[in-house]
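full-length UniProt numbering puts the first residue of the sequence shown at 1, with every later residue one more than the last.
The structure under discussion appears below in the form of structure tokens.
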Amino acid sequence: MAGSEDDIPPPPPPPSQTPTQQTLHTVPTIKLPILKKGEYDIWAMKIEHYLAHTDYPIWEVIQKGNGLMSVSTDTNGLIKVLPLKTAEEIFARERERKAMTTLLMALPEDHLAKFHKMTAAKEMWEAIKSRFGGNDESKKMQNQLEIHGAGVSTEDANQKFLRSLPSE
Numbered sequence: 001m002a003g004s005e006d007d008i009p010p011p012p013p014p015p016s017q018t019p020t021q022q023t024l025h026t027v028p029t030i031k032l033p034i035l036k037k038g039e040y041d042i043w044a045m046k047i048e049h050y051l052a053h054t055d056y057p058i059w060e061v062i063q064k065g066n067g068l069m070s071v072s073t074d075t076n077g078l079i080k081v082l083p084l085k086t087a088e089e090i091f092a093r094e095r096e097r098k099a100m101t102t103l104l105m106a107l108p109e110d111h112l113a114k115f116h117k118m119t120a121a122k123e124m125w126e127a128i129k130s131r132f133g134g135n136d137e138s139k140k141m142q143n144q145l146e147i148h149g150a151g152v153s154t155e156d157a158n159q160k161f162l163r164s165l166p167s168e
């Protein structure tokens, strides 16, 4: 009989996972921004928004560091991550690893070797900023050159700087 209650499908069974558990396994559909030469500032804004949207705790690890990980220095002066003791430390390690992996995936392949051995996402973020961001003076000079329609490559600017140094 059309329109009777027998034609209505039963509601789906309740999910076996809590909403929090379901969101942990969600795969983001937004494309990860890749850093391009001369576009650090735009990339940094994009990556911040990407991570804040897809996994905010990962962005917090990059910005603030991950204080829950235990590290020490061995006899050779190398940093050594100590074994995990609590569930909180395990989650902290996973967030750190995910943050570092995300940053590495957003770098051009020819720069991966410079950053992949770092042990903390915050350290990696600062190194990327230092390597690709430039300082305020160089940004100001580049902006003025762009306004006037002239361009100077980073290599040319570096060569000019090196020539200006004293010979000793």
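Glycine included, every Cβ here is placed at the ideal spot set by N, Cα and C.
Asked	Found
Cβ-based burial, residue 50 [other Cβ within 10 Å; buried from 16]	buried
Through-space distance from residue 107 to residue 130, alpha-carbon basis	14 Å
Range of the contiguous alpha helix (DSSP H) that encloses residue 133	121-133
Buried versus exposed, by CB contacts within 10 Å (16 or more), residue 163	exposed
Length of the line joining the Cα atoms of residue 105 and residue 32	8 Å
When 114, 124, 99 are compared against residue 56, the one with the closest alpha-carbon	99
Assumed close pair residue 79, residue 103 - CB separation to whole angstroms, cut-off 8 Å	Not really, about 18 Å apart at Cβ, beyond 8 Å.
Residue 93 versus residue 37: straight-line alpha-carbon distance, rounded	31 Å
Exposed unless 16 or more other CB atoms sit within 10 angstroms - verdict on residue 96	buried
Buried versus exposed call for residue 47 [16 or more other C-beta atoms within 10 Å across all chains shown]	buried
Selection from 62, 132, 75 that minimises the alpha carbon distance to residue 42	132
Rounded Cβ spacing between residue 121 and residue 61 (contact assumed at less than 8 Å)	5 Å
Check: residue 113 C-beta below 7 Å from any heavy atom of the ligand COA	The model depicted lacks the ligand COA and carries no ligand whatsoever.
DSSP state of residue 85 mapped onto helix, strand, coil	coil
DSSP state of residue 54 mapped onto helix, strand, coil	helix
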